[in-house]
Structures are given as structure tokens and as C-alpha cells.
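J.: In the numbering used here, the protein residues as written are 43 to 106.
Ideal Cβ positions, reconstructed from N, Cα and C, are used throughout, including at glycine.
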Amino acid sequence: MIYLKALIRGIFWLFAPFILIVIGAGLVVAGFWLQWMFLVWTGVVVIATGIIWIAAYLSDADIF
């Protein structure tokens, strides 16, 4: 059971930044559709967070 929990946690941390990018893109599209600029900028920030997460993970720095 411990291995299953560790596997699920590992899969979550692997796909979390990509999920953030997809959610952010959805917020941007919804913001443009509803003409709510705060929703657009919130989506942009969520996308940027996902991209920074991926860049930090792939960099050679000892961040993670």
C-alpha cells in the first residue's frame, strides 16, 4: 500500500505542471469569452507557474 501511495504521489508531481498549464489555458479562453481580464491574467499567471516549475525541474540547479 505504501508503494501505491508513493506511485500516485510521484505521478501527481510529474504531471502537476502540465495540469497547471492546461487549467491556465482554460482560464485564458474563458476570460476572453466572458471578457473578464482578471480571469485572463489569472490564467496567464497559472500558465507561467507551470512553465517555471518545468524549467526549474529541468535545470541543473539543486532546487528539487
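Rounding to the nearest angstrom, what Cα-Cα distance links L56 and V70 in this structure?
T.: L56 and V70: Cα-Cα distance of roughly 23 Å.
J.: What three-state label does DSSP hand M79 in the structure shown?
T.: Residue state, collapsed to three classes: helix.
J.: Do F60 and G92 have their C-beta atoms closer together than 9 Å?
T.: Cβ distance < 9 Å, so F60 and G92 count as in contact.
J.: Report, in whole angstroms, the separation of the C-beta atoms of L81 and G73, which I expect to be a contact under 8 Å.
T.: Yes, they are in contact, since the Cβ atoms of L81 and G73 sit about 3 Å apart, within 8 Å.
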